[in-house]
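Participant: Okay, handing you the structure first.
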Amino acid sequence: MYSTGSSSSIAAAIGDFNNDRRLDMAVVSNDTNIIAILYGYDKGFSSKSTYSTGRFPRCIAVGDFNNDTCLDVIVTNYYDNTVSVLLAYSDGSFQNQMTFSTGTSPYGVTVGDFNNDTILDTVVTNHDDHTISILLGYGNGSFENHMTFATGISPQSVAVDDFNNDTRLDIVVTNYGEHTVSVLLGYGNGSFENKLKFSTGFFPQSVAVADFNNDTLIDIVVANYRNYFVSVLLGYGNGSFQKQIVSFSQSRPYALAIGDFNNDALLDIVVTNFDEMNTVNVLLGYGNGSFENPMTFATGSYPCAVVVDDFNNDTQVDIVVANNHDDTLSLLLGYGNGSFENQMKFSTTSGPSSLAAGDFNNDTKLDIIVTDSASDEVYVLLYGNVIALRTEMTLASGGGSRLSSVAVVDINNDDLLDIVVANYATDNVGVILGYGNGTFKSQMMYTVGLNSHPKSMAIADFNNDAQLDIVVTNLNTKNVELLLGNDNGMFSLQRSYEIHSNFTPFVVVAGDFDNDGRSEIVVAYDNTENVDIFVTYDIGFFTNTTTYPTGSQPQSIVVDDFNNDTILDIIVCNNNDNTISILLGYGNGSFKDQMMFSTGFYPQSVAVGDFNNDTNLDLIVINGFNGSVSLLLGYGNGLFDNQIIFFTGSYSQSVAVGDFNKDTRLDIVVTNTNENNIGILLGYGNGSFKDQITFSTGYHPNSIVVGDFNNDNQLDIVVANEDDYTVSIFLGYGDGSFAKQITFSLVSMPTSLVTGDLNNDTQLDIVIVSSDNNTIGVLLGYGNGSFAKQITFSAGSYPQSVAIGDVNNDTRLDIVVSNKYDRTVSVLLGYGNGSFYQRIIYSNGGFRSTSIAIGDFNNDKRLDIVVTNPGNNNIALLFGYANEAFVKERTLSTGNGSRPQSFAIGDFNNDDHMDIAVVNSRTNNVGIFLGYGNNSFTNQLAYTTGAAPKSVALGDFNNDSNLDMVVANSKDDNISIFLGYGNGSFTNQMTYSTSSNSEPYSVAVGDFNSDTLLDIVVANHGSNNVCVFLQYGNGNFSDPKFFSVGHGRLPFSVVVGDFNNDRKLGLVIANEGTDNLKFLLQTC
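Following the numbering used here, the numbering of the sequence shown begins with 5 at its first residue and continues without gaps.
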């Protein structure tokens, strides 16, 4: 057990906090207001087994000598002039030795197929008769009598490879007595040519072969015991070699091995220094046959042998050294950058002299076999399937925070794990950024509302910007808050979405259920029997208003670029002083002071177009009380010529422009309210117009729009008739004339209208605001000049003007309305099918607002709003921003009295759609909802669990590539394992005890012993500990190993991660009793 220093641990999370590829643990304790970190470590080699050899076993090699796929062992017996062969059993044990004769004083040994019969043979150096012995294998574990071939004086170490590129194995040996190496080229039939000699340093002790200069030719490296250097002999590929290149070590090099220690695809060397320095040197290769200066790492006393490989399955090369004088082995785990962890030592018997590595028990982990010259035996050390944790740190969440939830994730995209916590009592979410060495920055807190009491969190990308966001459920305010993340770990709180439920949102989980790259959420409520699916949706948000003065009684407004700077400007009609105001935009949301230009009497409405074909925008203004329009020709610099007057009918109120006779010249249409008609003024294209032609309308036409409503490529006209509650449509003939009006009845008095495609059917629709009953009406067009029955939506008080546009960037048209009497703007977001989301209300900051328009005034690619406030003689701007929220998509039933408690998301039936597993705490089952990939799901399929299940996690526990489940049963003191069939169904539960009165609250999975198999960790609320179940790879698990988090801590959650980049998983445990997180990190 491992202490967390608390009596009340309430939550835990698991992750690799120190980037050592081992899971660590963070524990929340609410009695001490801290977070404890427990770092995971790997205990390395476990118990040994001993086997007899001949006298003074000197060197060792491994290979499969009897073709049973198990690694066997061969040992040279220096005093017996024999080799011992120990044939392996599949469980890591060995048969009694068989001996085979060699030459005198056999020393080094290695294996290879020297006669090309696909059966392993052996070569042995005979130190005292200056030969090598070749023992050809029979493939059944026995060997022919040895054949000898001459070498230099006192051969010691041996290596094999193809030095002359003839596909036949050759041999190189170190001649200790004459400072050379001998190369014997093979014939491929078990015999060899006479030796070739190449000079080395003094007393060459050890040899290895590889391609050190990346020319695809095999080279030789030699450790020279008396010269303090290694020799590299680069191969020519014909069996001969260049003169040695010297690379210095720092002491007496004895044994060496080759590997890529810094993952640069260039070979490096490790050398043992056999003296009182008690070190190894690592020489990183340049890839040209030379090496960097040596780096030194401590070992035991007088290291005499070395092997390299990946012993902890983290894909990095590690080093194992035999220490002759203190009877130990040293394990140095590699970081993958050329450096290594401090050694871990393992006891041997007296005088280890040589070692070899292999997976002797078929558990996918490399083991070690060591020769003991003093006792005439070898012994096997199996790499243990064990884990250990050490308490590294505790993190306080903040005074009285009452930690309620914890998660581990790389929140700021720096490839380092961070921690996120929900603080119930202080109404905030805390983000704790990791440094990647197991330590963390101070907590950054984000409020989620006064008295909100956050309970549960989920982390995912909800707005598809490749940044992680945080969603949190608030118990007291009964809502879900969303904090959108940016790439530096900072967050912005979005406007909350009220769940509108009598029940409290209790737990939340995220998943992409419709395969659109944006995560949705699933929410369960306290004491309910269903869960809800919410989709993420950008509902937009508008800031408080910014105002700019205008003339007296601003009435109508349009936006466009009037000075050709690609920035939107604003034009306003000023009713009482017979002017228009132009406000030129800076493109950042601000505007120059207004410039004013005279119009006719009582300007009512304004429209924009190029009426003289000079490519500059002009203005046409309706003068309400003198039956005319004013034309102001633009200079293209924001200035306008004096008005030109053209007469219309009585009390014209609204104007629109279009080419009604298809002569490429803009024409004008106006509503003549007192005459119940519209007037058409056909343009000459030079800034002048024909006299108006009139067409009868309904009573008091007050608003007008143009568009092609019957898809005949001719412009049509739609008019709102105020007093008879109708709209009139005039279908155009394309020659400036129109068919007789067609009228459509409305349910209320129309005040203003606009047109656009609201249901994405490529047909124009109409939006009408009605002041008398505070509504918005939608007429969906059929594309033939007729419309569907009016659909009505609520607006604010006395709506006056309407605009449409995509204000939330979802490619669907939305409606924006100015409301005169409640000083608001209503935004109705469109679903793209002609219906709209409930209105969102924003203050317009003014009095008796009338006209509204939209445009992007600050170039942020989001639409902004501008309204006229006649009561204040100003315009008000509301700037649009992104604002993600959640909208309920559907409800899923979990069964009567079920009370869903926890979720997990995964693909249970291998259809590439996300499914949901939900733990139902009152009905003692886990429910499966299979997803269709469109946010809809099958009915629940339930599987019985233990009593009061609290938590669920997923993983492949039997290596069949199908997801399985583990559930923590809090009242039965056990966990349930459900193995998945891969079709959405599962086996009945298998249970494993977590000990009496343990009350398991939380469960997580991870590979804690680096055997590539998923293990299980459980936070036990009742017994103040966590326990780990190691997987056997077949769906079964070991008995639990317990780690205390401290008396009274009450751990309630556990998560996993590598927090210090040591490739070992550690744990983060959240503690209810001490209100903190505790970290447990692995140490080996």
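Glycine residues also receive a C-beta, built at the ideal position from the N, C-alpha and C atoms.
Remember, predicted model here, so these are calculated numbers, not experimental data.
In the DSSP output, what is glutamate 679 paired with across the bridge?
Facilitator: What you label residue 679 is simply residue 675 of the sequence shown in a count that begins at 1. BP columns for glutamate 679 are empty, so no partner.
Participant: Between which two residues does the beta strand (DSSP E) holding proline 257 run?
Facilitator: Within the sequence shown, the letter at position 253 stands for residue 257. Per DSSP, proline 257 belongs to the beta strand (DSSP E) from 257–263.
Participant: So, are the CB atoms of leucine 719 and aspartate 663 less than 8 Å apart?
Facilitator: As a position in the sequence shown, residue 719 is number 715, starting the count at 1. As a position in the sequence shown, residue 663 is number 659, starting the count at 1. Yes, the Cβ-Cβ distance between leucine 719 and aspartate 663 is below 8 Å.
Participant: Which residues share a DSSP beta bridge with glutamine 1035?
Facilitator: Translated into the one-based positions of the sequence shown, residue 1035 becomes position 1031. According to DSSP, glutamine 1035 bridges with Phe1041.
Participant: Keeping to the same chain, check which residues put their C-beta closer than 8 Å to that of leucine 621; ignore five residues upstream and five downstream.
Facilitator: Translated into the one-based positions of the sequence shown, residue 621 becomes position 617. Counting only Cβ-Cβ distances below 8 Å, and skipping sequence neighbours, we find Asp564, Asp565, Phe566, Val612, Gly613, Asp614, Gly638, Gly640.
Participant: In the structure shown, what three-state DSSP assignment does phenylalanine 605 receive?
Facilitator: Taking the sequence shown and counting its residues from 1, one reaches residue 605 at position 601. Coil.
Participant: Give a yes or no on whether the C-beta atoms belonging to phenylalanine 466 and lysine 892 are separated by under 8 Å.
Facilitator: Within the sequence shown, the letter at position 462 stands for residue 466. Within the sequence shown, the letter at position 888 stands for residue 892. Not in contact: phenylalanine 466 and lysine 892 (Cβ atoms no closer than 8 Å).
Participant: What do you reckon, are the CB atoms on asparagine 1029 and phenylalanine 1056 nearer than 8 Å?
Facilitator: One-based indexing of the sequence shown puts residue 1029 at position 1025. One-based indexing of the sequence shown puts residue 1056 at position 1052. No, Cβ-Cβ distance for asparagine 1029 and phenylalanine 1056 is not below 8 Å.
Participant: Please report the Cβ distance between glycine 141 and aspartate 125, rounded to the nearest whole angstrom; I am assuming they are in contact, meaning their Cβ atoms lie under 8 Å.
Facilitator: The count along the sequence shown starts at 1 and reaches residue 141 at position 137. The count along the sequence shown starts at 1 and reaches residue 125 at position 121. Sure, about 5 Å apart at Cβ, within 8 Å.
Participant: How many angstroms separate the CA atom of leucine 260 from the CA atom of aspartate 1015?
Facilitator: Along the sequence shown, one-based indexing puts residue 260 at 256. Along the sequence shown, one-based indexing puts residue 1015 at 1011. Each residue's Cα considered, the two are about 27 Å apart.
Participant: Under the three-state reduction of DSSP, which class applies to leucine 1071: helix, strand or coil?
Facilitator: Counting from 1 along the sequence shown, the entry for residue 1071 is found at position 1067. Residue state, collapsed to three classes: strand.
Participant: Between Gly1010, Asp727, Tyr1005, which lies nearest to glutamate 1076 when the distance is taken from Cα to Cα?
Facilitator: Taking the sequence shown and counting its residues from 1, the one referred to as residue 1076 is at position 1072. The residue with the shortest Cα to Cα distance from glutamate 1076 is Tyr1005.
Participant: Report the residue from Asn992, Tyr655, Ile672, Val659 whose alpha carbon sits nearest the alpha carbon of histidine 704.
Facilitator: As a position in the sequence shown, residue 704 is number 700, starting the count at 1. It is Tyr655 whose Cα lies nearest to the Cα of histidine 704.
Participant: Assuming glycine 591 contacts asparagine 863 (C-beta within less than 8 Å), just tell me the rounded distance between them.
Facilitator: For the purposes of this step, residue 591 is taken as residue 587 along the sequence shown, with counting starting at 1. For the purposes of this step, residue 863 is taken as residue 859 along the sequence shown, with counting starting at 1. Contact holds; Cβ gap of about 5 Å.
Participant: Just checking, does the stretch 685–692 make contact with the stretch 665–672 on the three C-beta pairs under 8 Å criterion?
Facilitator: Touching, per the Cβ criterion.
Participant: On the CB-based measure, 16 or more other CB atoms within 10 Å of its CB, does isoleucine 38 come out buried or exposed?
Facilitator: On the sequence shown, position 34 is the one that residue 38 refers to. For isoleucine 38, the predicted model reports a pLDDT of 41, less than 50, meaning its position is unreliable; a value from the coordinates is still stated below. When all chains shown are included, isoleucine 38 counts as buried.
Participant: Would you call the stretch 368–386 and the stretch 296–307 in contact, with 3 or more CB pairs under 8 Å?
Facilitator: At 8 Å Cβ cutoff, the stretches do not touch.
Participant: Could you tell me the alpha carbon to alpha carbon distance between histidine 504 and valine 484, rounded to whole angstroms?
Facilitator: Mapped onto the sequence shown, residue 504 falls at position 500. Mapped onto the sequence shown, residue 484 falls at position 480. Because histidine 504 carries a pLDDT of 48, less than 50, the predicted location of this residue cannot be relied on, and the following value inherits that uncertainty. So the two alpha carbons sit approximately 11 Å from each other.
Participant: Excluding the 5 residues flanking tyrosine 885 on each side, which residues of the same chain have their C-beta closer than 6 Å to its C-beta?
Facilitator: Working through the sequence shown from its first residue, we reach residue 885 at position 881. Only Phe545 meet the Cβ criterion.
Participant: So threonine 759 and valine 806 are supposed to be a Cβ contact under 8 Å. How far apart are they, rounded?
Facilitator: Sequence index remark: in the sequence shown, residue 759 carries index 755 (1-based). Sequence index remark: in the sequence shown, residue 806 carries index 802 (1-based). About 10 Å separates the two Cβ atoms, so there is no contact after all.
Participant: Hey, out of Asn231, Phe315, Ile571, Asp418, whose CA is closest to leucine 386's CA?
Facilitator: Counting from 1 along the sequence shown, the entry for residue 386 is found at position 382. Nearest option by C-alpha distance: Phe315.
Participant: Decide if the stretch 87–107 is in contact with the stretch 115–124; the criterion is three or more beta carbon pairs, one per stretch, under 8 Å apart.
Facilitator: No contact exists between the stretch 87–107 and the stretch 115–124.
Participant: In whole angstroms, what separates the C-alpha of aspartate 223 from that of phenylalanine 245?
Facilitator: The sequence position of residue 223 within the sequence shown is 219, counting from 1. The sequence position of residue 245 within the sequence shown is 241, counting from 1. Going from the Cα of aspartate 223 to the Cα of phenylalanine 245 covers about 8 Å.
Participant: For alanine 30, which of helix, strand or coil comes out of DSSP?
Facilitator: For the purposes of this step, residue 30 is taken as residue 26 along the sequence shown, with counting starting at 1. Confidence at alanine 30 is low in this model, with a pLDDT of 48, below 50, so its placement is unreliable and the value that follows should be read with caution. In the structure shown, alanine 30 sits in a strand (DSSP, three-state: E or B).
Participant: Measure the CB-CB distance between leucine 1018 and aspartate 960 and report whether it falls below 8 Å.
Facilitator: As a working note, residue 1018 is residue 1014 in the sequence shown. As a working note, residue 960 is residue 956 in the sequence shown. The answer is yes: Cβ separation under 8 Å.
Participant: Under the DSSP definition of a beta bridge, which residues are partnered with glycine 613?
Facilitator: As a position in the sequence shown, residue 613 is number 609, starting the count at 1. Glycine 613 is bridged to Asp622.
Participant: By the 10 Å Cβ neighbour count, where 16 or more other Cβ atoms means buried, how is tyrosine 93 classified, buried or exposed?
Facilitator: Along the sequence shown, one-based indexing puts residue 93 at 89. Per the 10 Å Cβ criterion, exposed.
Participant: Which value, in whole angstroms, describes the spacing of the CA atoms of lysine 482 and alanine 528?
Facilitator: Your numbering for residue 482 matches position 478 in the sequence shown. Your numbering for residue 528 matches position 524 in the sequence shown. If you take the alpha carbons of lysine 482 and alanine 528, they lie about 12 Å apart.
Participant: Rank Asp977, Thr652, Ala957, Gln745 by C-alpha distance to the C-alpha of glycine 984 and give the top, closest one.
Facilitator: For this step, residue 984 is matched to residue 980 along the sequence shown. It is Ala957.
Participant: Please check the pair serine 358 and threonine 375, which I expect to be a contact at CB under 8 Å, by giving their CB distance rounded to whole angstroms.
Facilitator: For the purposes of this step, residue 358 is identified with residue 354 of the sequence shown, where counting begins at 1. For the purposes of this step, residue 375 is identified with residue 371 of the sequence shown, where counting begins at 1. Confirmed, about 4 Å.
Participant: With the cut-off set at 8 Å, would you say leucine 783 and aspartate 769 are in Cβ contact?
Facilitator: Taking the first residue of the sequence shown as 1, we reach residue 783 at position 779. Taking the first residue of the sequence shown as 1, we reach residue 769 at position 765. Going by C-beta atoms, leucine 783 is nearer than 8 Å to aspartate 769.
Participant: So, helix, strand or coil for glycine 1077, using DSSP?
Facilitator: As a first step, residue 1077 must be located in the sequence shown, where it is residue number 1073. Three-state result, glycine 1077: coil.
Participant: Return the chain-ordered list of same chain residues with a C-beta closer than 6 Å to the C-beta of arginine 230, the five sequence neighbours on each side being excluded.
Facilitator: Taking the first residue of the sequence shown as position 1, residue 230 is located at position 226. Once the five neighbours on either side are set aside, the close Cβ partners of arginine 230 are Phe206, Phe207.
Participant: Determine the extent of the beta strand (DSSP E) in which valine 829 is found, giving its start and end residues.
Facilitator: Numbered from 1 along the sequence shown, position 825 holds the residue referred to as residue 829. Start and end: 828–832.
Participant: Arginine 894: buried (16+ other C-beta within 10 angstroms of its C-beta) or exposed?
Facilitator: Sequence index remark: in the sequence shown, residue 894 carries index 890 (1-based). Looking at its Cβ environment, which holds fewer than 16 other Cβ atoms inside 10 Å, arginine 894 is exposed.
Participant: Helix, strand or coil for alanine 743 per DSSP?
Facilitator: As a working note, residue 743 is residue 739 in the sequence shown. DSSP places alanine 743 in coil when its eight states are reduced to three.
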